[in-house]
Ligand SMILES: Cc1cc2nc3c(=O)[nH]c(=O)nc-3n(C[C@H](O)[C@H](O)[C@H](O)COP(=O)(O)O)c2cc1C
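Numbering (the numbering used here), first residue to last: 1054 to 1220.
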């Protein structure tokens, strides 16, 4: 099963999550590629980040790997910003090709796993994937602060990882 992990991370939490997944999928002998989305212009302002997310803005990306037709499983991950998904991931999903009919896992990292803080981001990510014809088979909100805790991640992602060989 050819798998790709596409993620955006501003402060490193989602990057740790993505690298954990890459490691576990590789151990299961899956062919996995990992791609971090990078913005042409990245603001460090919390206020601007939040307002761009709230406005459902698109942000220009540096050479995103847009053609996903070669993959069987697509894993998307990004931080919740202002109760929705970050602009980088929203932009990428809007532009990507070869998504239709693909299985996907949708993951968000968040400040709080409480649905009132992270649920909107998770729901929006799932919705924009489904609008592109993706079959979301797994979705989870993961506490950003715990993305270095392997035991926590194993527990959170168990339903995704346990069906894998060596899972
Ligand atoms: C602009 C901004 C808005 C945020 N809004 C939310 C939010 O609405 N709900 C939440 O649970 N966490 C929120 N957070 C926290 C991040 O989702 C969390 O720290 C995440 O793990 C960061 O991922 P990263 O380190 O990969 O960038 C926000 C963080 C930023 C910078």
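Ideal placement from N, C-alpha and C gives every residue a C-beta, glycine not left out.
Alpha-carbon to alpha-carbon, residue j and residue i
i            : j            : result
residue 1282 : residue 1119 : For the chain, the structure presents residues 1054 to 1220; residue 1282 sits outside this window and is missing.
residue 1126 : residue 1188 : 10 Å
residue 1207 : residue 1081 : 14 Å
residue 1168 : residue 1084 : 33 Å
residue 1194 : residue 1106 : 17 Å
residue 1143 : residue 1073 : 23 Å
residue 1173 : residue 1205 : 22 Å
residue 1157 : residue 1180 : 12 Å
residue 1200 : residue 1069 : 6 Å
residue 1161 : residue 1054 : 23 Å
residue 1196 : residue 1163 : 5 Å
residue 1159 : residue 1128 : 6 Å
residue 1121 : residue 1184 : 16 Å
residue 1166 : residue 1151 : 31 Å
Near ligand 1: residue i beta-carbon under 7 Å from a heavy atom
i            : result
residue 1154 : no
residue 1164 : yes
residue 1184 : no
residue 1067 : yes
residue 1102 : yes
residue 1145 : no
residue 1132 : yes
residue 1170 : yes
residue 1135 : yes
residue 1063 : yes
residue 1197 : yes
residue 1129 : no
In DSSP terms, what residue i is bridged to
i            : result
residue 1060 : 1089 and 1130
residue 1067 : DSSP, once it has assigned bridges, lists no residue as partnering residue 1067.
residue 1138 : 1133
residue 1121 : None; residue 1121 has no bridge partner.
residue 1157 : 1127 and 1189
residue 1114 : 1092
residue 1084 : 1055
residue 1196 : 1163
Open item on the list: Runs of 4 residues minimum, wholly inside the segment 1159 to 1194: which ones carry the alpha helix (DSSP H) assignment?
Closed with: Runs of the alpha helix (DSSP H) inside the segment 1159 to 1194: 1168 to 1184.
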